[in-house]
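Data first, discussion second: the structure below is written as structure tokens.
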Amino acid sequence: MSVRFCQGRTRAARRIQAWWRGLLVRRALLHAALRAWTIQRWWRQTLQQRLHRRRREALVSYAIRERAVVKLQSLVRMWRVHWRYCQVLNAIYVIRGHWQSHHCQTCALLRGHCVVTATHLQFHIEITNP
5 MSVRFCQGRT RAARRIQAWW RGLLVRRALL HAALRAWTIQ RWWRQTLQQR LHRRRREALV
65 SYAIRERAVV KLQSLVRMWR VHWRYCQVLN AIYVIRGHWQ SHHCQTCALL RGHCVVTATH
125 LQFHIEITNP
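Taken in order, the sequence shown gives residues 5 to 134; the numbers are from our numbering.
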């Protein structure tokens with residue numbers, strides 16, 4: 005074998021090796037890029053899930069707070085109506101007690117009418133003669 009033939013074969017072998025290494029480098033780069041893309045995609049999904057979880061927790065917390073406020077308002081309103089009703093009832097008892105102790109018990113009759121609405125308590129007393 006001549007020196008020239010060996011140099012040609014060596015040159016050809018080097019070209020093939022360079023092509024193969026380039027292919028391997030490109031393949032390694034492609035694999036690294038694919039891994040990076042996969043990690044980025046996973047991270048974006050994780051961030052989106054965290055954001056969704058935080059929003060849901062905020063919404064649930066808001067709903068619980070609103071429900072508690074409405075319940076408290078309802079209890080306060082109910083207590084105020086009950087307190088006002090008790091006041092009117094006590095006033096009726098006082099008026100009736102005074103009227104019954106009046107010396108002319110057969111002269112007149114007491115008639116009462118009560119209307120309870122969401123905001124007002126109306127009471128009307130009539131004294132009628134038979």
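C-beta atoms are modelled at their ideal positions from N, C-alpha and C, and glycine is treated no differently.
It should be emphasised that the depicted structure is a prediction, and the values quoted were computed from it without experimental measurement.
- In the three-state reduction of the DSSP assignment, Gln44 falls in the helix class, which pools H, G and I.
- Taking the CA atoms as reference points, Arg18 sits about 29 Å from Leu38.
- It is roughly 20 Å from the alpha-carbon of Ile96 to the alpha-carbon of Trp83.
- According to DSSP, Glu70 shares a beta bridge with no other residue.
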